[in-house]
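Trainee:
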Amino acid sequence: MAPIRDKYTIHSKAVVCQDVELKGDITIGSGSIVHPKATIFAIAGPIVIGSGCIIEEGAIIVNRRKEVMRIGDDNLFEIGCRVESPTVGDFNTISTRARVHHTVRIGSYCVVGAGCLVVPTDDEFLDDYTVIYGPAAERRTWSGRGKVQEADLRRKHAEYLREMLPKFNRLRRGEGS
Amino acid sequence: MDPPIYYSKAEYIETDTGNKVSRRATIAGPQNIILGGKTIISNGAIIRGDLRRTGAGHAVVISLGRYCVVGEGCVMRPPYKTYRGNFNYYPMKIGDHVHIGANTVVEAATIGSHVEIGKNCVIGKFTIIKDCARVADGTIVPPNTVIPALALFAGSPGRFVEDLPESTQEIVEAQTKRYYTRFQPAP
């Protein structure tokens, strides 16, 4: 295997802590937040993260495929989750300790509950508003109630972190800035 | 007598009050964290004192009592919510003699004294755990749960399993004290 070329493109408005493990070709969009101890691995293809995403500590985002892994806007990756899906839409929540395999593509407004494993053997697409919950990873569809409030919380959360994180943590800057 | 648990002296910092904090733990915003004394913070633990309540002055984010143990790879971070339209993180308070197992994620609001939390648990946001409760290994406690005193919680989602004996307080107290004395630097 060819050695991984590191190339980070971090938007000037993104907040990426110093203590983050990055590898490969990674693009982080404006206003996204990466907490310390998170890991983003672009092993084969590049990873492109949209704007307003929050990636908490211990979260692992891996791209094992050749194609570009696209993560949309305003997603929340909570503590210790592991995501390998080739595409992720907007406004998804991957809760604490959840795991999503590379066979799953995630739509928008999905929630993967705490500790859920989403590991189908065949390729699968999670429709918008899918909620995965419980120890057996059961599924339901969210009615979309409280969507505005949820989006508002996410936006305020990101806004708060953009303000507070730089006060206590050292930040990493993209190349050339 | 139990055999001592040895650690290498270079790896832990010991404070005047007997706290032992691993150098390999990630502690953000240490000025906002209070350790009660004789508390052990193991390798790879992450404690987020930087996620503080907005507002001027000094804010305590995480306070731990005496004889607590934060296991390896634990994540302790304060819970957040919006209240009256303002987003904020809220402080987390933990009592004395609390053991938290390895790789557990804690986002509780309050944890009482003499509480045992197993390994690989997820304690949801704003959970309140009362005194002398126990959470079994691998339990997933949903957000806003209240775990009553002397209760054993287990499963996913965490549910009440049984009552604990009234002697729990003494047992846990003795256990945590013994653990602290066993935890010694390698000779």
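Chains S and L supply the protein sequences, listed in that same order.
The working numbering puts the first residue of the first sequence at 1256, with every later residue one more than the last.
The working numbering puts the first residue of the second sequence at -9, with every later residue one more than the last.
Beta carbons are placed, not taken as given, at the ideal position from N, Cα and C, and that holds for glycine.
Buried or exposed for L/D(-8), going by 16 or more other Cβ atoms inside 10 Å?
Mentor: Per the 10 Å Cβ criterion, exposed.
Trainee: Going by CA-CA distance only, name the one from L/F116, L/A99 and L/E152 that's closest to L/V125.
Mentor: The option with the nearest alpha carbon to L/V125 is L/E152.
Trainee: So, are the CB atoms of L/V112 and L/V131 less than 8 Å apart?
Mentor: The answer is yes: Cβ separation under 8 Å.
Trainee: Going by DSSP in three states, S/F1423 sits in which element: helix, strand or coil?
Mentor: It is helical.
Trainee: Where does the unbroken alpha helix (DSSP H) through L/Y170 begin, and where does it stop?
Mentor: Note, L/Y170: alpha helix (DSSP H), T158 to R172.
Trainee: Please state whether the Cβ-Cβ distance between S/C1336 and S/R1352 is less than 8 Å.
Mentor: Taking 8 Å as the Cβ cut-off, S/C1336 and S/R1352 qualify as a contacting pair.
Trainee: List, in chain order, every chain L residue whose beta-carbon is nearer than 7 Å to that of S/E1312.
Mentor: Those within 7 Å of S/E1312 in chain L are I36 and V65.
Trainee: Does chain L have any CB closer than 8 Å to the CB of S/G1401?
Mentor: No, its Cβ sits nowhere closer than 8 Å to a Cβ of chain L.
Trainee: What residues in the region 123 to 143 of chain L bring their beta carbon closer than 7 Å to a beta carbon of chain S?
Mentor: Answer set for the region 123 to 143 of chain L: I130.
Trainee: Identify the contact partners of L/L41 in chain S, using a Cβ-Cβ distance below 9 Å as the criterion.
Mentor: In chain order: Y1415, L1416, M1419, L1420 and F1423.
Trainee: Looking at L/A99: is its Cβ nearer than 8 Å to the Cβ of L/P69?
Mentor: Yes; because the gap between Cβ atoms is below 8 Å, this pair is in contact.
Trainee: Measure from the alpha carbon of S/I1298 to the alpha carbon of each residue in S/V1359, S/R1395, S/E1312 and S/V1323, then state which is nearest.
Mentor: Among S/V1359, S/R1395, S/E1312 and S/V1323, the Cα nearest to that of S/I1298 is on S/V1323.
Trainee: Are the C-beta of S/T1351 and some C-beta of chain L separated by less than 8 Å?
Mentor: Yes - at least one Cβ of chain L is within 8 Å of the one on S/T1351.
Trainee: Please state whether the Cβ-Cβ distance between S/G1197 and S/F1296 is less than 8 Å.
Mentor: As displayed, chain S neither begins before 1256 nor continues past 1432, which places residue 1197 of chain S out of reach and without an answer.
Trainee: Hey, would you say L/D86 sits closer than 8 Å to L/G108, going by beta carbons?
Mentor: Going by C-beta atoms, L/D86 is not nearer than 8 Å to L/G108.
Trainee: What do you get for L/Y79, buried or exposed, if any count of 16 or more other CB atoms within 10 angstroms of its CB means buried?
Mentor: Answer is buried; the Cβ neighbour count reaches 16.
Trainee: Any beta-carbon of chain S closer than 8 Å to the one on L/T16?
Mentor: Yes - at least one Cβ of chain S is within 8 Å of the one on L/T16.
Trainee: Pick helix, strand or coil for S/R1354, following the three-state DSSP scheme.
Mentor: Reduced to three states, the DSSP call for S/R1354 is strand.
Trainee: Classify S/D1261 as helix, strand or coil using the three-state DSSP reduction.
Mentor: Looking at S/D1261 - three-state DSSP - the assignment turns out to be coil, as it is neither helix nor strand.
Trainee: For L/G96, tell me which candidate among L/G61, L/Y2 and L/F173 has the shortest Cα-Cα distance.
Mentor: According to the sequence shown, residue 96 of chain L is Val rather than Gly. Per the Cα distances, L/G61.
Trainee: So with CB distances below 8 Å, who are the chain L contacts of S/H1266?
Mentor: Ordered by position in chain L, no residue passes the 8 Å Cβ test against S/H1266, which lies about 22 Å from the chain.
Trainee: On a CA-only basis, which of L/I30, L/D6 and L/Q21 is nearest L/S12? Give me that one, please.
Mentor: When each option's Cα is compared against that of L/S12, the closest is L/I30.
Trainee: Would you mind stating whether S/V1355 and S/I1326 have Cβ atoms separated by less than 8 Å?
Mentor: In this structure, S/I1326 does not lie closer than 8 Å to S/V1355 by Cβ.
Trainee: Identify every residue that forms a DSSP beta bridge with L/A144.
Mentor: For L/A144, which the question treats as bridged, DSSP gives the partners L/R149.
Trainee: Taking just the CA atoms, how far does L/L154 sit from L/A235?
Mentor: Since the first residue shown for chain L is -9 and the last is 177, residue 235 of chain L is missing from the structure and cannot be characterised.
Trainee: Just how far apart, CA to CA, sit S/F1332 and L/A18?
Mentor: In a straight line, the C-alpha of S/F1332 is about 19 Å away from that of L/A18.
Trainee: Just list the residues that DSSP pairs S/C1272 with in beta bridges.
Mentor: DSSP output for S/C1272 lists S/L1426 as bridge partner(s).
Trainee: With distances taken from CA atoms, which of L/T72, L/C122 and L/A141 is nearest S/E1414?
Mentor: Among L/T72, L/C122 and L/A141, the Cα nearest to that of S/E1414 is on L/T72.
Trainee: Does S/A1297 come out as helix, strand or coil in the three-state DSSP assignment?
Mentor: Reduced to three states, the DSSP call for S/A1297 is strand.
Trainee: Between S/V1317 and L/I52, what straight-line distance do the alpha-carbon atoms span, to the nearest angstrom?
Mentor: Going by the C-alpha atoms only, they are around 32 Å apart.
Trainee: At a Cβ cut of 9 Å, what residues of the region 68 to 83 of chain L count as close to chain S, listed as they run along the chain?
Mentor: Within the region 68 to 83 of chain L, the residues whose Cβ lies closer than 9 Å to some Cβ of chain S are Y70, K71, T72, G75, N76, F77, N78 and Y79, listed in chain order.
Trainee: Starting from S/F1380 and walking both ways along the beta strand (DSSP E), at which residues does that stretch end?
Mentor: S/F1380 -> beta strand (DSSP E) spans E1379 to L1381.
Trainee: Closer than 9 Å between beta carbons: that is the criterion. Which residues of the region 97 to 108 of chain L meet it against chain S?
Mentor: Within the region 97 to 108 of chain L, the qualifying residues are E97.
Trainee: Contact criterion: CB-CB distance below 8 Å. Does L/S(-2) meet it with respect to chain S?
Mentor: No, L/S(-2) does not count as interfacial toward chain S.
Trainee: Would you tell me roughly how many angstroms separate the C-alpha atoms of S/P1341 and S/T1385, rounded to the nearest one?
Mentor: Each residue's Cα considered, the two are about 17 Å apart.
Trainee: Can you tell me which of the three DSSP states S/L1277 falls into?
Mentor: In the structure shown, S/L1277 sits in a strand (DSSP, three-state: E or B).
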